[in-house]
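A short write-up of the structure that comes next.
Numbering (our numbering), first residue to last: 4 to 129.
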């Protein structure tokens, strides 16, 4: 069976996105290449807790936000929502019953939709 190894996410500013994903959501920065990526504008590799890598690749092209979404499992969606909200990060929907279960939805700085959930809340409230 195939296994997804990594994905590339187009961003307007890879350093801003690095800080947002690492500082806000807790992703680990694996490496950075200032002139890396397909356009040579920079790329930052971040990893989740399981070692899955996301390449934040800077682009000069328009980013079509909202056309794809990513689901991220977190430790506690309610606590993360509270912390990020207090830090000024706007959510599309606060934690609650969604069509896909219990969780919250927000957009990253480039408009990519992120669905956040945790296992316990999904089982109890979803």
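Where is the CB? At the ideal position from N, CA and C, for every residue including glycine.
Here residue 42 carries a coil assignment [DSSP, helix/strand/coil]. Inter-segment contact for the segment 108 to 126 and the segment 65 to 76 is present: three or more beta-carbon pairs are separated by less than 8 Å. Going by C-alpha positions, residue 128 is about 8 Å away from residue 104.
As computed with DSSP, residue 96 is found in a beta bridge with 108. Taking C-beta atoms under 8 Å as the contact rule, residue 60 and residue 10 fail to qualify, at a distance of about 10 Å.
Residue 98 is not a Cβ neighbour of residue 77, given a cutoff of 7 Å. Residue pairing by DSSP places residue 34 opposite 48 in a beta bridge.
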